[in-house]
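*Asks:* In the numbering used here, the protein residues as written are 5 to 571.
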Amino acid sequence: MYLKRRHLEILREMKKTESQAEIEAKLPEEFQIRAIELYILGFAELEGGKIKLTEAGKKLLKISDSLDLEGLPEVIADTEIIKMLELLEETGKVPEDWLEKLKERMLADENGLTEFGRALLELYRETHPVVYLTPEIVSFLRGMPKIGTLDELVTYKNSKLYGDNIVNALQAMRLLLISPPTEKGRAFATTPAAKLALKAVSMIPVFARAIVLRKEDFEALKAGRSNAELESMGLTDEKGTTEFGIAVMATYEAMGRREEKVLPIYLLDDGLAVLKAIKEIEEKYETNPDILPTEKEIARRVEVEDLGAILHLLESKELVERKLVKNKDTYWLTEWGREAINFGTVSPDAMKAVTYAESGDVPIAEWVLKAQEEGVVKVGVTDKGRFYLKLSRSIRRKPFLTRYDAAILAKTPRKKYIHRDELVGLVGDYVGGDEKEIIRAIGEAEAKGFVVELQNGMVKLTELGDRVKTAIENAKLQEIVKVKFSVTPTLYNVLKVIYEELETFNRIWKEKGEVKGYKMDEVDVIRKHLSLSDDEIKKALTMLRQLGFLGSKSLTEAGKVLVEAYL
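1) What separation, rounded to the nearest whole angstrom, lies between the Cα atoms of residue 91 and residue 557?
2) Looking at C-beta atoms only, is the number of pairs between the segment 442-454 and the segment 539-551 that lie closer than 8 Å three or more?
3) With DSSP as the reference, label residue 464 as helix, strand or coil.
4) Between 410, 362, 418, 355, which lies nearest to residue 392 when the distance is taken from Cα to Cα?
5) Residue 62 to residue 49, Cα distance in whole Å?
6) Can you tell me which of 303, 306, 305, 285 puts its alpha carbon nearest to the alpha carbon of residue 296?
7) Using the Cα positions of residue 178 and residue 365, report the straight-line distance between them to the nearest angstrom.
8) Using the Cβ count rule (16 or more neighbours within 10 Å means buried), how would you classify residue 163?
9) Classify residue 125 as helix, strand or coil using the three-state DSSP reduction.
10) Quick check: what's the CA-CA separation for residue 574 versus residue 226?
11) Taking the Cβ atom as the reference point for each residue, do residue 488 and residue 313 lie within a distance shorter than 9 Å?
12) Determine the burial state of residue 218: buried for a count of at least 16 other Cβ atoms within 10 Å of its Cβ, exposed for fewer.
13) Got a sec? Which residues, its chain only, sit under 7 Å from residue 337 by beta carbon, not counting five neighbours each side?
14) DSSP beta-bridge partners for residue 192?
15) Pick helix, strand or coil for residue 4, following the three-state DSSP scheme.
16) Which residue or residues does DSSP assign as beta-bridge partners of residue 55?
17) Run the CB neighbour count on residue 433, radius 10 Å, all protein chains shown included, and call it buried at 16 or more, exposed below.
18) Find out if the Cβ-Cβ distance for the pair residue 10, residue 74 is shorter than 9 Å.
19) On the CB-based measure, 16 or more other CB atoms within 10 Å of its CB, does residue 374 come out buried or exposed?
20) Could you tell me the alpha carbon to alpha carbon distance between residue 196 and residue 80, rounded to whole angstroms?
21) With DSSP collapsed to three states, give me the class of residue 143.
22) Taking C-beta to C-beta, are residue 60 and residue 13 nearer than 9 Å?
23) Might you give, ordered along the chain, the residues of its own chain that have their beta carbon closer than 7 Å to the beta carbon of residue 484, omitting 5 neighbours on each side?
24) So is residue 469 buried or exposed if we call it buried at 16+ other beta carbons inside 10 Å?
25) Would residue 495 and residue 352 qualify as a contact pair, given that the criterion is a beta-carbon distance under 9 Å?
26) In chain order, what residues of the same chain lie with their CB nearer than 6 Å to the CB of residue 408, ignoring the 5 residues before and after it?
27) Taking DSSP's pairing of strands, which residues face residue 215 in a bridge?
28) Report the option in 20, 135, 56, 192 whose CA atom is closest to the CA atom of residue 158.
29) Against chain D, with Cβ distances strictly below 9 Å, would residue 181 count as a contact?
30) As a quick exercise: from 123, 122, 181, 120, pick the residue whose alpha carbon is nearest that of residue 149.
31) On the CB-based measure, 16 or more other CB atoms within 10 Å of its CB, does residue 369 come out buried or exposed?
32) Relative to the C-alpha of residue 237, which residue among 253, 222, 247, 215 is closest?
33) From the DSSP output, which residues share a beta bridge with residue 324?
34) Does DSSP classify residue 458 as helix, strand or coil?
35) Taking only three categories from DSSP, how would you classify residue 240?
36) Output yes or no for whether 9 Å exceeds the beta carbon distance between residue 210 and residue 135.
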């Protein structure tokens, strides 16, 4: 979206005449550029010397009819303003400086979106821009950084002597998004549609004319129809729609589309150190099979604060695999873990820069700067960024719940947003910890899929988070928040076996005698299904009962909800 006051002035003149010459005589300043922008936005049709209102253009005129244009800023709505509107509508709260920007455009007031703000956002969602790719636009798009801070984009634009109109056109086509300002400035990202546009034009040996695809053209191509104009652009030939035509259609379809965000992954220094220690042990194991990557052996080679927790966390991300070897619990690198050693550490915020951009949304400057610092992005997504994005998409995360995770879930309300700063205070009051630690824990809880934090700092439970919150509330929450970590992949796997073999366990539990920790009959059943030592199974059963996921003679409702949350 890119809407200027001048666009509305032109639309108002179009009520009186369709003659471009007449309107240009009255509003000469960059008229042709503004007219093309209206065309790209889907608000006007250009035909010979005429400029005609589309249905969307008529709607825009209607919703803006009562506005005093003289009192509005030059730019009424761009991708930055649209993102502010979306976040205000979604969460009910945006930073004060954002709200001021919306107020001066008559898009919001103290009560939220105004009638004009709601109508403009609705119109933005209803309309579809036109594909309008000129050699100049494509040249800019091809050479520009694909993600970064706004200062970097401006520097590139100025160094190549491009005007602002290129950036405006890319925003109008939804190929480029600019974030609202935060403490660290503003960020930008090209969208997946931009990648498809570049892929499409790479199919043309010489790109010398504008490629245009309107809604009616798209529908004609979809229906297998052609005309002289489509053929002249190379979108069709005597056989039908060309490969190039199919690629331009894919670009059109992707414009403005938002895909489900991939959960960000993270690997911190202590986790990387443990992976390296396991690799070293595995290398020694090849020549000496008595040296196994047990927790005790790993502890000899690496100094970290809580090795057990780190091993569980690595297992939850499929970076290590737990196996019973020679009746010992051991941890082995997966292929993902082996590759992660080569790429090094990454934080949730750095990966959010990538996951947001890849989904068609815009990251904030803080995330982008973190991504640059960690080598996840440069002028685009790096090999490291692509690896961790692939890892995020491919793995099936296993449950791992720390004390902080439990507190975050307990203090995040259902079905509404809470600001991160408020959540940090509530968690600190509940379980202690300093602000920096809790902020990091919120990022990690997001990477585990429990919560989502948006660009305006508002946090909300995910569907998974809501289910796990229900599980811990039905269990012994006060006991759960006392321990460093309550749910691990091992505990969950034991609980899942009980859930799946409930008839067998019900028979065991019917026998006389209360079960406080575990029964050997229980251990015998679980041993058949999991590669764990008896000691680990006994520990897991005892812990599950202490925390309320397993009763003395039953699978509790909390245990059932927890298992089903991850199925």
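All C-beta atoms, glycine included, are put in the ideal place defined by N, C-alpha and C.
*Replies:* Inspection of the coordinates gives the following:
1) In the sequence shown, residue 91 corresponds to position 87, counting from 1. In the sequence shown, residue 557 corresponds to position 553, counting from 1. So the two alpha carbons sit approximately 48 Å from each other.
2) The answer is no - the segment 539-551 does not touch the segment 442-454, with fewer than three Cβ pairs under 8 Å.
3) As a first step, residue 464 must be located in the sequence shown, where it is residue number 460. DSSP, reduced to helix, strand and coil, places residue 464 within a strand of the structure shown.
4) Within the sequence shown, residue 392 is the residue found at index 388, counting from 1. For the residues 410, 362, 418, 355, the minimum Cα distance to residue 392 belongs to 355.
5) For the purposes of this step, residue 62 is identified with residue 58 of the sequence shown, where counting begins at 1. For the purposes of this step, residue 49 is identified with residue 45 of the sequence shown, where counting begins at 1. Approximately 12 Å between the Cα atoms of the pair.
6) Reading the sequence shown from its first residue, position 292 is the one you call residue 296. Among 303, 306, 305, 285, the Cα nearest to that of residue 296 belongs to 285.
7) The residue given as residue 178 occupies position 174 in the sequence shown. The residue given as residue 365 occupies position 361 in the sequence shown. Cα-Cα distance, rounded: 10 Å.
8) Residue 163 sits at position 159 when you count from the first residue of the sequence shown. The Cβ neighbour count for residue 163, taken over all protein chains shown within 10 Å, is under 16; the residue is labelled exposed.
9) For the purposes of this step, residue 125 is identified with residue 121 of the sequence shown, where counting begins at 1. In the structure shown, residue 125 sits in a helix (DSSP, three-state: H, G or I).
10) This structure cannot speak to residue 574, because the chain is shown only from 5 to 571.
11) Walking along the sequence shown from the start, residue 488 turns up at place 484. Walking along the sequence shown from the start, residue 313 turns up at place 309. Yes.
12) On the sequence shown, residue 218 is found 214 positions in, with the first residue counted as 1. Taking a 10 Å sphere around the C-beta of residue 218, we find 16 or more other C-beta atoms and assign the residue as buried.
13) Here residue 337 is taken as the residue at index 333 of the sequence shown, counted from 1. Annotation for residue 337: 279, 282, 283, 286, 324 place their beta carbon closer than 7 Å to its own, counting only its chain and skipping 5 residues before and after.
14) Residue mapping note: residue 192 aligns to position 188 of the sequence shown, counting from 1. Answer by DSSP bridge pairing, in chain order: 152, 182.
15) Coverage of the chain is limited to positions 5 through 571, which leaves residue 4 absent and any answer about it impossible.
16) In the sequence shown, counting from the first residue as 1, residue 55 sits at position 51. Answer by DSSP bridge pairing, in chain order: 50.
17) The residue you call residue 433 lines up with position 429 of the sequence shown. Counting Cβ neighbours within 10 Å, residue 433 comes out exposed, since fewer than 16 surround it.
18) In the sequence shown, counting from the first residue as 1, residue 10 sits at position 6. In the sequence shown, counting from the first residue as 1, residue 74 sits at position 70. 9 Å or more divides the Cβ of residue 10 from the Cβ of residue 74.
19) Position 370 of the sequence shown holds residue 374. A residue is called buried once 16 or more other Cβ atoms fall within 10 Å of its Cβ, and residue 374 is buried on that count.
20) Walking along the sequence shown from the start, residue 196 turns up at place 192. Walking along the sequence shown from the start, residue 80 turns up at place 76. Their Cα atoms are separated by approximately 25 Å.
21) Start at 1 with the first residue of the sequence shown, and residue 143 comes out as number 139. Helix at residue 143.
22) The sequence position of residue 60 within the sequence shown is 56, counting from 1. The sequence position of residue 13 within the sequence shown is 9, counting from 1. Residue 60 is not a Cβ neighbour of residue 13, given a cutoff of 9 Å.
23) As a first step, residue 484 must be located in the sequence shown, where it is residue number 480. The residues are 410, 476, 490, 551.
24) Here residue 469 is taken as the residue at index 465 of the sequence shown, counted from 1. When all chains shown are included, residue 469 counts as buried.
25) Position 491 of the sequence shown, counted from the start, is the residue given in the question as residue 495. Position 348 of the sequence shown, counted from the start, is the residue given in the question as residue 352. Not a contact, by the Cβ cut-off of 9 Å.
26) In the sequence shown, counting from the first residue as 1, residue 408 sits at position 404. Cβ within range, chain order: 445.
27) Taking the first residue of the sequence shown as position 1, residue 215 is located at position 211. In the DSSP secondary-structure assignment, residue 215 is bridged to 137.
28) Numbered from its first residue, the sequence shown carries residue 158 at position 154. A check of alpha carbon separations from residue 158 across 20, 135, 56, 192 identifies 192 as the nearest.
29) Among the chains in the structure shown there is no chain D, since it carries only a single protein chain.
30) As a position in the sequence shown, residue 149 is number 145, starting the count at 1. Of the candidates 123, 122, 181, 120, the one whose C-alpha sits nearest the C-alpha of residue 149 is 181.
31) One-based indexing of the sequence shown puts residue 369 at position 365. Classified as buried, residue 369 has 16 or more neighbouring CB atoms from the shown chains inside 10 Å of its CB.
32) Looking up residue 237 in the sequence shown gives position 233. Closest option to residue 237, Cα to Cα, is 215.
33) Reading the sequence shown from its first residue, position 320 is the one you call residue 324. According to DSSP, residue 324 bridges with 337.
34) In the sequence shown, the residue the question calls residue 458 occupies position 454. Coil.
35) Counted from its first residue, the sequence shown places residue 240 at position 236. Strand.
36) Taking the first residue of the sequence shown as 1, we reach residue 210 at position 206. Taking the first residue of the sequence shown as 1, we reach residue 135 at position 131. Contact: no.
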